[in-house]
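Peer 1:
Below you can see the structure in the form of structure tokens.
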């Protein structure tokens, strides 16, 4: 059995037994190794993103054409507005935007 399948079967089994006993489901999964890999990966990517800044490069020096620093700021702002509008729509209507 694949590890993911085993994890899913275990989660369903734990949830079913816990509910039959009137308890909150507590999944017996080990996140130790996964958490370690996440922290290492996050550290590597964080360090890699600081290298150009430590070499003296600025965002404005790498901007060209439509890929400017201002355009990226505005894209991020509009994306956050869209996310807030989506959350507000779901809150007001009480239904998920995408119902799967």
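Numbering (my numbering), first residue to last: 1178 to 1277. C-beta atoms are modelled at their ideal positions from N, C-alpha and C, and glycine is treated no differently.
(1) Tell whether a beta-carbon distance below 8 Å holds between residue 1263 and residue 1274.
(2) I need the straight-line Cα distance from residue 1245 to residue 1224, nearest angstrom please.
(3) How long is the line joining the alpha carbons of residue 1254 and residue 1215, rounded to whole angstroms?
(4) I need the DSSP call for residue 1241, collapsed to helix, strand or coil.
(5) Give the secondary structure of residue 1235 by DSSP, where H, G and I count as helix, E and B as strand, and everything else as coil.
(6) Output the distance between the C-alpha atoms of residue 1234 and residue 1219, rounded to the nearest integer angstrom.
(7) Under three-state DSSP, which class holds residue 1220?
Peer 2: From the atom records:
(1) On the chain shown, residue 1263 is found 86 positions in, with the first residue counted as 1. On the chain shown, residue 1274 is found 97 positions in, with the first residue counted as 1. Yes, the pair counts as a contact, with Cβ atoms nearer than the cut-off.
(2) For the purposes of this step, residue 1245 is taken as the residue at position 68 of the chain shown. For the purposes of this step, residue 1224 is taken as the residue at position 47 of the chain shown. Spanning the two alpha carbons is a distance of roughly 23 Å.
(3) Position 77 of the chain shown, counted from the first residue, corresponds to residue 1254. Position 38 of the chain shown, counted from the first residue, corresponds to residue 1215. Going from the Cα of residue 1254 to the Cα of residue 1215 covers about 28 Å.
(4) Looking up residue 1241 in the chain shown gives position 64. Strand.
(5) Looking up residue 1235 in the chain shown gives position 58. DSSP places residue 1235 in coil when its eight states are reduced to three.
(6) Numbered from 1 along the chain shown, position 57 holds the residue referred to as residue 1234. Numbered from 1 along the chain shown, position 42 holds the residue referred to as residue 1219. Approximately 22 Å between the Cα atoms of the pair.
(7) As a position in the chain shown, residue 1220 is number 43, starting the count at 1. If DSSP states are grouped into helix, strand and coil, residue 1220 belongs with the helices.
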